[in-house]
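Report on the following structure.
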Amino acid sequence: LDFENNSCKSRSISSCVIVSNKFAPTVPRQDLRATFRKFSSFIHQEIAEIQDDANTSASKINENEDEVDEEEAYFSQDEEEYNNNERSKLLSAALLHVPRFGWSIDALRAGAADLNISSASVGMISRQEGQLIEFFERKCLEKLALQLDGQQAAFSQLPTQDKLAAIMQMRLEMNIPYVSFGPQALSIQAQSGNVCSAVQLRAELMDEIWYQAGDQSTDSEWYAKRAVLLAVYSATELHMCTDSSRDFTKTWGFLKRRLQDTAEAREQLLYVGNSVGQLAGAFGSKFVTLVQMANERRYP
13 LDFENNSCKS RSISSCVIVS NKFAPTVPRQ DLRATFRKFS SFIHQEIAEI QDDANTSASK
73 INENEDEVDE EEAYFSQDEE EYNNNERSKL LSAALLHVPR FGWSIDALRA GAADLNISSA
133 SVGMISRQEG QLIEFFERKC LEKLALQLDG QQAAFSQLPT QDKLAAIMQM RLEMNIPYVS
193 FGPQALSIQA QSGNVCSAVQ LRAELMDEIW YQAGDQSTDS EWYAKRAVLL AVYSATELHM
253 CTDSSRDFTK TWGFLKRRLQ DTAEAREQLL YVGNSVGQLA GAFGSKFVTL VQMANERRYP
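For what it's worth, the working numbering labels the leading residue of the sequence shown as 13, then goes sequentially.
Quick look at the structure:
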């Protein structure tokens, strides 16, 4: 152990041996203190180097873990996209069999057979029949938006009520290939596991219809319009399930009458509201006048 140069021939601290006590009397006390100070400084340097090496190793381990996490997230994202694509393919293939099997697991199995995959792949569809209906309605909403984007010029000259009737008819006509299983679809959507998604899709549909009809309201009437339109749409959809007329002419007549009823009811509500406001204003001003007269008599 070389105390003068703060070094040790063996880098292992445990292998460094201090001189035995029998040589201590021959060493001056001041030299002994200086020697131990140098030894203490050397020990601190060794400990600092060990800590630096440990920190460097830990940093490298953390970097490696971050790289592993990034790779796992990347592959997880790819796997999720792959699963979504596979589900979409299976649901699209199953829609072709809904007119025969209805909104059922049999339609999903038939779609899997068309894709030459195992019927066990139906298990990747979590809610099966409910998810199949939602997939259909989502596709119809996208198709409706594309069709309307190309017909803005034709709709721009129509009154709002006629726009609503035309747009709703376009959407309901997409249900014609599956109209015989309409009640089944409604009962599946009413189940507890599907009702939230069904309501959300209907709300998006009503918003799209009003947007395409030119609605720009931003007050509380925004909600009222969509709620009333949802009631008309749902009633027309139920009527369509029982319509046996050619090309569903009775259904389209029913739709126009319900829209006319809502327009008239809205006008009546506005008239009543205005009348109530005028009466309240008249009575309010009369009441203020009476109070003023009473105050003048009481405090002349």
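The beta-carbon is built from N, C-alpha and C at its ideal position, and this holds for glycine as well.
These numbers were taken from a predicted model, which means no experiment stands behind them.
Quiz item: Which residue's Cα is closest to the Cα of R183: D255, Y245 and H251?
Solution: Here residue 183 is taken as the residue at index 171 of the sequence shown, counted from 1. Considering only D255, Y245 and H251, the residue with the shortest C-alpha distance to R183 is Y245.
Practice problem: Using a threshold of 8 Å, state whether the C-beta atoms of I4 and L160 are closer than that. | Solution: What is shown of the chain runs 13 to 312, which leaves residue 4 out entirely.
Quiz item: Where does the unbroken alpha helix (DSSP H) through H251 begin, and where does it stop?
Solution: Translated into the one-based positions of the sequence shown, residue 251 becomes position 239. Per DSSP, H251 belongs to the alpha helix (DSSP H) from E233 to C253.
Exercise. Under 8 Å by Cβ, that's how I've got V134 and I145 pegged, so tell me the actual separation to the nearest angstrom.
Key: Counting from 1 along the sequence shown, the entry for residue 134 is found at position 122. Counting from 1 along the sequence shown, the entry for residue 145 is found at position 133. 15 Å between Cβ atoms; not a contact.
Quiz prompt | Best match in M252, R258, F260 and A247 for proximity to R270 [C-alpha to C-alpha] | solution = Position 258 of the sequence shown, counted from the start, is the residue given in the question as residue 270. Per the Cα distances, A247.
Self-check item: Proximity winner among A132, L108, A166 and D219, relative to L242 (alpha-carbon distances)
Solution: Counting from 1 along the sequence shown, the entry for residue 242 is found at position 230. Among A132, L108, A166 and D219, the Cα nearest to that of L242 is on D219.
Quiz item: Just checking my contact of C152 with M186 at CB under 8 Å: how many whole Å lie between their CB atoms?
Solution: Position 140 of the sequence shown, counted from the start, is the residue given in the question as residue 152. Position 174 of the sequence shown, counted from the start, is the residue given in the question as residue 186. The beta-carbon distance between C152 and M186, rounded to whole angstroms, is 5 Å. This is short enough to meet the 8 Å contact definition.
Quiz item: alpha helix (DSSP H) containing W222: first to last residue?
Solution: In the sequence shown, the residue the question calls residue 222 occupies position 210. Run containing W222: V207 to Q224, per the alpha helix (DSSP H) assignment.
Quiz item: Do you know offhand how far L108's Cα is from A275's?
Solution: Taking the sequence shown and counting its residues from 1, the one referred to as residue 108 is at position 96. Taking the sequence shown and counting its residues from 1, the one referred to as residue 275 is at position 263. The straight-line gap from Cα to Cα measures roughly 39 Å.
Exercise. Starting from Q169, follow the alpha helix (DSSP H) in both directions and report where the run begins and ends.
Key: Mapped onto the sequence shown, residue 169 falls at position 157. Here Q169 belongs to no alpha helix (DSSP H), and DSSP marks it neither H nor E.
Practice problem: Give me the Cβ distance between A106 and A119, rounded to the nearest whole Å; I'm assuming they're in contact under 8 Å. | Solution: Taking the first residue of the sequence shown as 1, we reach residue 106 at position 94. Taking the first residue of the sequence shown as 1, we reach residue 119 at position 107. The pair is a contact, with the Cβ atoms about 5 Å apart (cut-off 8 Å).
Practice problem: Pull up the distance between the alpha-carbon of S204 and that of A66, whole angstroms please. | Solution: Mapped onto the sequence shown, residue 204 falls at position 192. Mapped onto the sequence shown, residue 66 falls at position 54. Their Cα atoms are separated by approximately 56 Å.
Practice problem: Report the three-state DSSP secondary structure of M182 (helix, strand or coil). | Solution: Here residue 182 refers to the residue found at position 170 when the sequence shown is read from its first residue. M182: helix per DSSP, three-state reduction.
Quiz item: Can you list, in chain order, the residues of its chain whose CB lies under 6 Å from that of V240, leaving out five sequence neighbours each side?
Solution: Position 228 of the sequence shown, counted from the start, is the residue given in the question as residue 240. Around V240: T274.
Self-check item: Three-state class that DSSP yields for Q143 in the structure shown
Solution: Residue mapping note: residue 143 aligns to position 131 of the sequence shown, counting from 1. DSSP places Q143 in helix when its eight states are reduced to three.
Quiz prompt | Span separating the alpha-carbon of V110 from that of L103 | solution = As a working note, residue 110 is residue 98 in the sequence shown. As a working note, residue 103 is residue 91 in the sequence shown. Their Cα atoms are separated by approximately 10 Å.
Self-check item: Local conformation of D227 per DSSP, three classes
Solution: Taking the first residue of the sequence shown as 1, we reach residue 227 at position 215. Note: D227 maps to coil in three-state DSSP.
Exercise. Please state whether DSSP places A66 in a helix, a strand or coil.
Key: Counting from one through the sequence shown, the residue named residue 66 turns up at place 54. Reduced to three states, the DSSP call for A66 is helix.
Quiz prompt | At least three beta-carbon pairs within less than 8 Å, the segment 163-170 to the segment 120-131 | solution = no
Quiz prompt | Between the CA atoms of E98 and A277 - distance to the nearest angstrom | solution = By 1-based counting over the sequence shown, the position of residue 277 is 265. By 1-based counting over the sequence shown, the position of residue 98 is 86. Approximately 48 Å between the Cα atoms of the pair.
Quiz prompt | Proximity winner among L176, A60, L217 and Q224, relative to W264 (alpha-carbon distances) | solution = As a working note, residue 264 is residue 252 in the sequence shown. When each option's Cα is compared against that of W264, the closest is L176.
Self-check item: Rounded separation between T172 and A210 - CA only
Solution: Numbered from 1 along the sequence shown, position 160 holds the residue referred to as residue 172. Numbered from 1 along the sequence shown, position 198 holds the residue referred to as residue 210. Rounded to whole angstroms, T172 to A210 spans 26 Å at the Cα level.
Practice problem: Note down the Cα distance separating Q272 from F266, rounded to an integer number of angstroms. | Solution: Against the sequence shown, residue 272 aligns to sequence position 260. Against the sequence shown, residue 266 aligns to sequence position 254. Rounded to the nearest angstrom, the two C-alpha atoms are 10 Å apart.
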